[in-house]
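Peer 1: Let me begin by handing over the structure; questions about it come next.
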Amino acid sequence: MRILSGIQPTGRFHWGNYFGAIKQYIELQEQHDGYYFIADLHALTTVRDAAVLRGFVRDAALDVLALGLDPERATLFVQSHVPEVSELCWLLMTGTPLGLLERCHAYKDKKEKGLKADAGLFTYPVLMAADILAYDANWVPVGEDQVQHIEVCRDLARSFNAHYGEVFTQPEARVVQGASKVPGTDGEKMSKSYNNTLGLFEPPNELRKKIMRISTDSRPMEDPKDPETDHLYQLFRLFATAEQTEEMRAMYLKGGFGYGEVKKRLADAADQYLTPARVRREELENHPEKVDAILQAGAAKARDRARSVLQRAHKACGLG
Ligand code: TYM
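Each residue of the sequence shown is one higher than the one before, starting from 0 at the first, in numbering that gives the first Met the number 0.
This is the structure in structure tokens:
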């Protein structure tokens, strides 16, 4: 299977990005042909400072490599280093009904909040479709918030193929049960725009402080609690072993514990889990030339593939 996914460099990655998406990239690289990119073109819809964007792109590369993405197995590159994708985006745009984009949550939410929306934000899902179709991807590992965009991609591929013949491969979204919508410190979906994130590479002490401030309900200590509806338990489960999870579950069902104890266990489990990646990241930071070489080689490989898909699309439309 060919796997493809992208992640926006709009700030440091959080637990939701990892458990919803990056962890899947790393697991899937073992047996499949993975293409993963840093979506800098998409980030332009929010980051409009050149130096800041460059820094975020570098951080993104360091983060995913430190977390375990292996450039010997998977292809890692920067979205804008494959200009074929932007051209493919135009071809798709000429057949995209406005109504399809008007229904997309990401755009609708911003508009409803009265935020300024531009054409980039509106056509964001078409660029995503081009990202996916340019590499003949079969599976797209993402969190739940991106599933609607993959549906748009499927629609566009279907209608293009119906009009011009079989040009594009139909992709499928892959979400992980139990991690497709990781909650943030307030229990809502973890998201940079909600200011409720727990960072993957935050200094351990700051992370611990943030964990201790996670909101909880005010039920008495002695009451039994339903673990399935509790965001603290959901976060703990992401880091814990099966045994630790079972133990925690039993503790919830029995009652007689304080949330402070759960938070402490969560902070310990997260620290243990994230420390090896933190160490790897520090090593990589001292070798920027290695990261540059990985991204360059990744872009060259990705471009070859995108070029041949674009040629197919050109031919089908009567271009060139
Ligand atoms: P982005 O950068 O917002 O998020 C990157 C990935 O993290 C997932 N994610 C979550 N998963 C579970 N729980 C959460 N709280 C959570 N928050 C974020 C996202 O679902 C995503 O998988 N548009 C995309 C980037 C993109 C892309 C693509 C993805 C551009 N082109 C082509 C797939 C295919 C985005 O903004 O993701």
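Each residue gets a CB set at the ideal place from its N, CA and C atoms; glycine is no exception.
Per DSSP, Pro-182 forms a beta bridge with which residues?
Peer 2: DSSP output for Pro-182 lists Lys-188 as bridge partner(s).
Peer 1: If you draw a straight line from the C-alpha of Leu-283 to the C-alpha of Pro-223, how long is it?
Peer 2: Rounded to the nearest angstrom, the two C-alpha atoms are 46 Å apart.
Peer 1: Along the chain, where does the beta strand (DSSP E) that runs through Arg-264 open and close?
Peer 2: Taken as a continuous stretch (DSSP letters only), Arg-264 belongs to no beta strand (DSSP E), being part of the alpha helix (DSSP H) at 258-284.
Peer 1: Could you name the residues of the same chain whose beta carbon sits closer than 8 Å to that of Lys-110, not counting the 5 residues immediately before and after it, in chain order?
Peer 2: The answer, listed in chain order, is Ala-116.
Peer 1: Under DSSP, the beta strand (DSSP E) around Thr-74 begins and ends at which residues?
Peer 2: From DSSP, the beta strand (DSSP E) with Thr-74 extends over 74-77.
Peer 1: Taking 8 Å as the line, does the beta carbon of Ala-38 fall inside it for any heavy atom of ligand 1?
Peer 2: Yes, Cβ of Ala-38 sits closer than 8 Å to a heavy atom of ligand 1.
Peer 1: Name the two residues that bound the continuous alpha helix (DSSP H) containing Val-139.
Peer 2: Counting along the chain, Val-139 falls outside any alpha helix (DSSP H), though it belongs to the beta strand (DSSP E) covering 138-140.
Peer 1: Less than 9 Å separating the beta-carbons of Phe-200 and Ala-65?
Peer 2: Cβ atoms of Phe-200 and Ala-65: closer than 9 Å.
Peer 1: Starting from the C-beta of Asp-32, find all residues in its chain whose C-beta is less than 6 Å away, skip the five residues before and the five after it, and write them out in chain order.
Peer 2: Only Arg-1 meet the Cβ criterion.
Peer 1: I'd like the ranges of any alpha helix (DSSP H) spanning at least 4 consecutive residues and lying wholly in the segment 20-97.
Peer 2: Counting only runs of 4 or more, we get 22-27, 39-42, 49-66, 83-92.
Peer 1: Using only CA atoms, which one of Arg-102, Tyr-34, Leu-126 lies nearest to Leu-43?
Peer 2: Out of Arg-102, Tyr-34, Leu-126, Leu-126 has the C-alpha closest to the C-alpha of Leu-43.
Peer 1: Compute every distance between the C-beta of Asp-185 and the non-hydrogen atoms of ligand 1, then say whether any falls below 8 Å.
Peer 2: Outside the cutoff, so no.
Peer 1: Give me the Cβ distance between Pro-203 and Asp-303, rounded to the nearest whole Å; I'm assuming they're in contact under 8 Å.
Peer 2: Pro-203 to Asp-303, Cβ: 42 Å. No contact.
Peer 1: Since Glu-172 contacts Val-146 with CB under 8 Å, what's their CB separation in whole angstroms?
Peer 2: Just to set this straight, residue 172 is Ala in the shown sequence, not Glu. Yes, they are in contact, since the Cβ atoms of Ala-172 and Val-146 sit about 5 Å apart, within 8 Å.
Peer 1: Should Glu-83 go down as buried or exposed, given a rule of 16 or more other Cβ atoms within 10 Å for buried?
Peer 2: Burial call: buried.
Peer 1: With Gly-5 as the anchor, note down where its alpha helix (DSSP H) starts and where it stops.
Peer 2: Per DSSP, Gly-5 belongs to no alpha helix (DSSP H); it is in the beta strand (DSSP E), 1-6.
Peer 1: Comparing the CB of Pro-82 with every heavy atom of ligand 1, is any distance shorter than 8 Å?
Peer 2: No - ligand 1 has no heavy atom lying nearer than 8 Å to the Cβ of Pro-82.
Peer 1: Report yes or no: do the segment 239-250 and the segment 178-197 share at least 3 C-beta pairs separated by less than 8 Å?
Peer 2: No, the segment 239-250 is not in contact with the segment 178-197.
Peer 1: Can you tell me which of Gly-319, Arg-53, Tyr-134, Thr-93 puts its alpha carbon nearest to the alpha carbon of Gly-297?
Peer 2: Checking every option, the nearest Cα to that of Gly-297 belongs to Tyr-134.
Peer 1: Got a sec, what are the start and stop residues for the beta strand (DSSP E) Ala-172 sits in?
Peer 2: Start and end: 171-173.
Peer 1: What residues are listed by DSSP as bridge partners for His-313?
Peer 2: The partner list for His-313 (beta bridge, DSSP) is empty, contrary to what the question assumes.
Peer 1: Kindly say whether Glu-86, judged by its beta-carbon, lies nearer than 9 Å to any beta-carbon of chain C.
Peer 2: Given the protein chain composition of this structure (a single chain), no chain C is represented.
Peer 1: Determine the DSSP secondary structure at Gly-198, reduced to helix, strand or coil.
Peer 2: In this structure, Gly-198 counts as strand in the three-state DSSP scheme.
Peer 1: Looking only at its chain, what residues have a beta carbon closer than 7 Å to the beta carbon of Glu-143, apart from the 5 residues adjacent to it on each side?
Peer 2: Result list for Glu-143: Val-174, Ser-179, Lys-180, in chain order.
Peer 1: Would you kindly check if the distance between the Cβ of Arg-102 and the Cβ of Val-290 is under 9 Å?
Peer 2: Their beta carbons are not under 9 Å apart, which means Val-290 does not touch Arg-102 by this criterion.
Peer 1: Whose CA, out of Lys-112, Ala-156, Arg-280, Leu-87, lies closest to the CA of Gln-169?
Peer 2: Answer by Cα proximity: Ala-156.
Peer 1: Taking 8 Å as the limit between beta carbons, can you name the residues of its chain near Asp-130, skipping five residues before and five after?
Peer 2: Here the set comprises Leu-3, Gly-5, Phe-36, Ala-38, Gln-78, Val-84.
Peer 1: Could you check whether the Cβ of Tyr-123 sits closer than 8 Å to any heavy atom belonging to ligand 1?
Peer 2: Yes, the Cβ of Tyr-123 comes within 8 Å of a heavy atom of ligand 1.
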